[in-house]
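Residue numbers (the UniProt record's numbering): 1 to 637. Beta carbons are placed, not taken as given, at the ideal position from N, Cα and C, and that holds for glycine. Here is the structure we will look at.
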Amino acid sequence: MNYQKFYNHSIQNPEEFWMQQAQLLAWHKSPTKALGKDEHDYHNWFKDGELNLSYLCIDKHIEDGFGDQNAIIYDSPVTNTKTYITYNELKKEVEQLAGGIKSLGLEKGDTAIIYMPMIPQAVFAMLACARLGVIHSVVFGGFAPHELAIRIDDCKPKLILTATSGIEIDRIIPYKPFVDQAIEKCEHKPKHVVVFKRGFLTDVPLKSYDIDYKELVSTSQPADPVVVPSTHPLYILYTSGTTGKPKGIIRDSGGYAVALKFSMTYVYDVDPGEVFWAASDVGWVVGHSYIVYAPLINRNTTVLFEGKPIKTPDASTFWRVISEHNVKVMFTAPTAIRAIKKEDPDGNFIKSFNLSCLKYQFLAGERCDAATLNWTQQHLNIPVIDHWWQTESGWPMLANMAGLELMPVKPGSASVPVCGYNVAILNELGEEVEAGVEGYVAVKLPLPPGTLSNLWGNPERFKAGYLNKFPGYYFSGDGGYKDEDGYVFITGRVDDVINVAGHRLSTAEMEEVVASHTAVAECAVFGVHCDLKGQKPLALIVAKSETGKSSQHISNEVVTLVRKEIGAVAALREVLVVQRLPKTRSGKILRKLLRQIADDLEYNIPSTIDDIAIVDEIKSVYQQHQIGIHKNISHHE
Numbered sequence: 001m002n003y004q005k006f007y008n009h010s011i012q013n014p015e016e017f018w019m020q021q022a023q024l025l026a027w028h029k030s031p032t033k034a035l036g037k038d039e040h041d042y043h044n045w046f047k048d049g050e051l052n053l054s055y056l057c058i059d060k061h062i063e064d065g066f067g068d069q070n071a072i073i074y075d076s077p078v079t080n081t082k083t084y085i086t087y088n089e090l091k092k093e094v095e096q097l098a099g100g101i102k103s104l105g106l107e108k109g110d111t112a113i114i115y116m117p118m119i120p121q122a123v124f125a126m127l128a129c130a131r132l133g134v135i136h137s138v139v140f141g142g143f144a145p146h147e148l149a150i151r152i153d154d155c156k157p158k159l160i161l162t163a164t165s166g167i168e169i170d171r172i173i174p175y176k177p178f179v180d181q182a183i184e185k186c187e188h189k190p191k192h193v194v195v196f197k198r199g200f201l202t203d204v205p206l207k208s209y210d211i212d213y214k215e216l217v218s219t220s221q222p223a224d225p226v227v228v229p230s231t232h233p234l235y236i237l238y239t240s241g242t243t244g245k246p247k248g249i250i251r252d253s254g255g256y257a258v259a260l261k262f263s264m265t266y267v268y269d270v271d272p273g274e275v276f277w278a279a280s281d282v283g284w285v286v287g288h289s290y291i292v293y294a295p296l297i298n299r300n301t302t303v304l305f306e307g308k309p310i311k312t313p314d315a316s317t318f319w320r321v322i323s324e325h326n327v328k329v330m331f332t333a334p335t336a337i338r339a340i341k342k343e344d345p346d347g348n349f350i351k352s353f354n355l356s357c358l359k360y361q362f363l364a365g366e367r368c369d370a371a372t373l374n375w376t377q378q379h380l381n382i383p384v385i386d387h388w389w390q391t392e393s394g395w396p397m398l399a400n401m402a403g404l405e406l407m408p409v410k411p412g413s414a415s416v417p418v419c420g421y422n423v424a425i426l427n428e429l430g431e432e433v434e435a436g437v438e439g440y441v442a443v444k445l446p447l448p449p450g451t452l453s454n455l456w457g458n459p460e461r462f463k464a465g466y467l468n469k470f471p472g473y474y475f476s477g478d479g480g481y482k483d484e485d486g487y488v489f490i491t492g493r494v495d496d497v498i499n500v501a502g503h504r505l506s507t508a509e510m511e512e513v514v515a516s517h518t519a520v521a522e523c524a525v526f527g528v529h530c531d532l533k534g535q536k537p538l539a540l541i542v543a544k545s546e547t548g549k550s551s552q553h554i555s556n557e558v559v560t561l562v563r564k565e566i567g568a569v570a571a572l573r574e575v576l577v578v579q580r581l582p583k584t585r586s587g588k589i590l591r592k593l594l595r596q597i598a599d600d601l602e603y604n605i606p607s608t609i610d611d612i613a614i615v616d617e618i619k620s621v622y623q624q625h626q627i628g629i630h631k632n633i634s635h636h637e
């Protein structure tokens, strides 16, 4: 099928286009109209349709005779466990857990938080909530209790589902103790905490609100799917914002299901019954869309992987999983490939596995550099497809649509707009710019189905953050340009949000934590280039006089503080003490200039700077720091 013709239909007649796609789902009540408006005058999809996603993901396939097909392959090299879960087995687990959640008093429209490692019970919990119309919010396990507490107070769950612990290569992550600490910090106190016990953390004290997961499941009556309107929120997923306060993205049910089904066919080229693997975490949007909902809606077998691309046990683990489980399409972040490439530069591990099953390798989550793309292409010898999307979109916005028409690859570009996304590059005045000119990446409204419907409890912030800058457009927060062939090149965030190994992090939030340290007078946190993770945070601090502590001691304490307050995901490892920070005469810290100095880029010193000599001071401190890092690396080698 021709990409351009199919894409044009989606833009010129979106209602007809998406109504045709909607007919491929088993609705409880089929929608009669595609596009509408909500009470905030924002577009919604299939408003009069009714369905249940847990039914679409499980029951429908069993009714069609596929109950014995594997739904989930749980592969955990960190625990040396492999479990194969059929659709029949998945239904039993999910309907029993849903019955347990129902017995605790939760019903359609209530909220629940899921804070779990990459274990099957995390997927069961998501699908059990969806079965009841309970809105779930999965919080990534890399977040510390303080961050979990913020999310509890924002979405006010009646229930938290967690596990005693997670396990990584070199440490145990105390999930349940973190939940207890978070609840202590919260104003909102959830009524119940359901705990799945794992064998790595056995001395966790029980609280009055605790309920044993296995007991709850074994003693509950199975729950049938609750039919909900298409516009009913399926989940809330928090993403970083420039203010430091996370934004609760709301995802609808019907539009999301239609978009995900469409994407499995036309973006990823996966047929029902085939094995699909997104190597991510259920705490991120990739995990929601492409570990859980999309593969299961499409009747694929999804791989749930608990491990890392390296050291579990080595850089061969991805290739072992693909070969062993007959994976047709794999999706990961460029950071994972860079980590593998660093450990196995000649791709020797790749050669030792039969990867003939693998048809496409997709990359997303951060900008993919040409070297990583070319290395992967060379060693896998299959199409390697870089694509771009966001937590807000829920599914790809730019991609080489493998199930439609494979187009030439241009390294550095995530290819062309996916059907439904009318992508424009705008200048400050909201006017489209010419090919090759960088501007703001925006999407003309209406957005296609499956994209964010609002921010939880904050419609004004939704409008201010996404809609007001360019009326009639959704503003992505990214900069980029189009070439003469219509390929889009994303150049990075235009706000104070950085992308570390595919995870969006707010530098404003990190700054707030750094500034709270008693020895810090003022600070700036910004993103700098990292060969492995794409970007990493760097903090510059001005220490208070008479602290009685060395610069190194203060730096170490700040790193520990950020890890404690935000979590390991923050990845702040470098804190430099400087005498002063470059500012404008009005007192604004020149973060862009600091970033350019650190990345060794050309820079113009603004005429508004209060003291030009500061630039050379900062440059000297950073150069000395870099020399120290290189000496350290040489010493370890």
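Relative to the C-alpha of residue i, which residue among the options is closest?
i      : options                        : result
Arg580 : Ile609, Gly567, Gly67          : Ile609
Gly100 : Gln20, Val78, Glu215           : Glu215
Ala149 : Pro177, Val615, Cys186, Ile169 : Cys186
Ile58  : Phe349, Ser289, Gln69, Asp48   : Gln69
Ile541 : Phe6, Val514, Gln21, Thr547    : Val514
Thr491 : Gln23, Glu617, Gly439          : Gly439
Ile73  : Leu447, Val292, Val443         : Val292
Asp485 : Phe462, Ala435, Thr451, Lys533 : Ala435
Gly450 : Ala294, Ala371, Gly479         : Ala294
Thr507 : Phe462, Ala570, Leu455, Pro448 : Ala570
Val494 : Ser137, Leu25, Asn556, Leu426  : Leu426
Gln377 : Leu398, Ala130, Asp346, Pro246 : Asp346
Ser10  : Phe489, Asp64, Gly465, Ala259  : Ala259
Leu304 : Gly420, Met118, Phe140, Cys155 : Met118
Whole angstroms is fine: what's the gap from residue i's alpha carbon to residue j's?
i           : j      : result
Lys60       : Glu565 : 43 Å
Leu106      : Ser253 : 19 Å
His288      : Tyr481 : 29 Å
Pro396      : Pro383 : 17 Å
Phe362      : Asp269 : 11 Å
Thr243      : Thr86  : 44 Å
Ser634      : Gln624 : Because Ser634 sits at a pLDDT of 41, beneath the cut-off of 50, its placement in the model cannot be relied upon, and the following sentence gives the value as read from the coordinates. Rounded to whole angstroms, Ser634 to Gln624 spans 16 Å at the Cα level.
Glu39       : Lys549 : 56 Å
Glu509      : Arg563 : 12 Å
Leu127      : Gly241 : 28 Å
residue 650 : Ser230 : Within the shown structure, residues of the chain are numbered from 1 to 637, placing residue 650 beyond reach of any answer.
Pro233      : Val409 : 37 Å
Val179      : Gly109 : 23 Å
Gly472      : Arg299 : 37 Å
Ile173      : Asp153 : 23 Å
Gln535      : Ala364 : 14 Å
His517      : Ala543 : 10 Å
Thr302      : Val528 : 35 Å
Cutting at 6 Å between CB atoms, please list the residues of its own chain near residue i, excluding the five before and the five after it.
i      : result
Val321 : Asp75
Arg595 : Phe526
Glu574 : Leu538
Arg591 : Ala524, Phe526
Ala336 : Pro309
Ile589 : Ala524, Leu581, Lys583
Glu123 : Inspection of the sequence shows that residue 123 is occupied by Val rather than by Glu. Excluding sequence neighbours, Val123 sits near Val292.
Ala339 : Pro309, Ile310
Can you tell me which residues form a DSSP beta bridge with residue i?
i      : result
Ile498 : Leu505
Lys583 : Ile589
Lys444 : Asn422, Tyr473
Val384 : Gln361
Gly248 : Tyr238
Ile72  : Ile85, Thr302
Arg493 : Asp478
Between which residues of its own chain and residue i is the CB-CB distance below 8 Å, once the five residues before and five after are set aside?
i      : result
Pro222 : Lys92, Glu95, Gln96, Ala98, Gly99
Tyr3   : Met401, Leu404, Glu405, Met407, Val416
Tyr487 : Lys410, Ser413, Ser415, Val416
Lys37  : His43, Asn44
Can you name, in chain order, every residue of its own chain whose Cβ lies under 7 Å from the Cβ of residue i, other than the five neighbours on each side?
i      : result
Ser220 : Gln96, Gly99, Gly100, Ser103
Lys189 : Ile183
Asp210 : Val193, Val195
Gln626 : none
Trp27  : Gly49, Glu50, Leu51
The ligand MN and residue i: does any heavy atom of the ligand fall closer than 7 Å to the residue's C-beta?
i      : result
Leu380 : Looking at this structure, you won't find the ligand MN or any other ligand, since it has none at all.
Mind the definition here: the stretch 352 to 368 touches the stretch 306 to 326 only if three or more C-beta pairs lie below 8 Å; say whether that holds.
-> yes
Hey, is the stretch 254 to 264 in contact with the stretch 157 to 165, meaning 3+ C-beta pairs nearer than 8 Å?
-> no
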